[in-house]
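Visitor:
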Amino acid sequence: MIQLSMRELLKQRNSLLQYGQRKNRKKIIDISRNLFAVNVYMIEIMISTMQMTIVTITMELIVKSCMEKG
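Per our numbering: the sequence shown = residues 87 to 156.
Structure below.
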């Protein structure tokens with residue numbers, strides 16, 4: 087879903103840049119901001135996914151060490 091919206095935003099930006107009209111500059115800036123927001127959102131998702139992976143690995147190690155001791 088995120089990938090689709092990003093592709094769509096890029097298409098919009100490129101089509102507006104091709105025309106190069108002054109009245110479209112604000113639209114180009116808005117679309118660029120949206121693209122930046124989408125990128126930041128995707129990075130946040132990647133970070134939270136990595137954090138969850140780290141937590142999972144840590145939990146597995148704790149359980150493993152408890153099993154070996156017990």
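Beta carbons: idealized from backbone N, C-alpha and C, even for Gly.
Taking all protein chains shown into account, decide if Arg99 is buried (16 or more other Cβ within 10 angstroms of its Cβ) or exposed.
Guide: buried
Visitor: Taking the straight line between their C-alpha atoms, what separation do you get for Ser134 and Val141?
Guide: 10 Å
Visitor: Identify, in the order they occur along the chain, each residue of the same chain with its Cβ nearer than 8 Å to the Cβ of Leu95, setting aside the five sequence neighbours on each side.
Guide: Ile117, Asn120, Leu121, Val124
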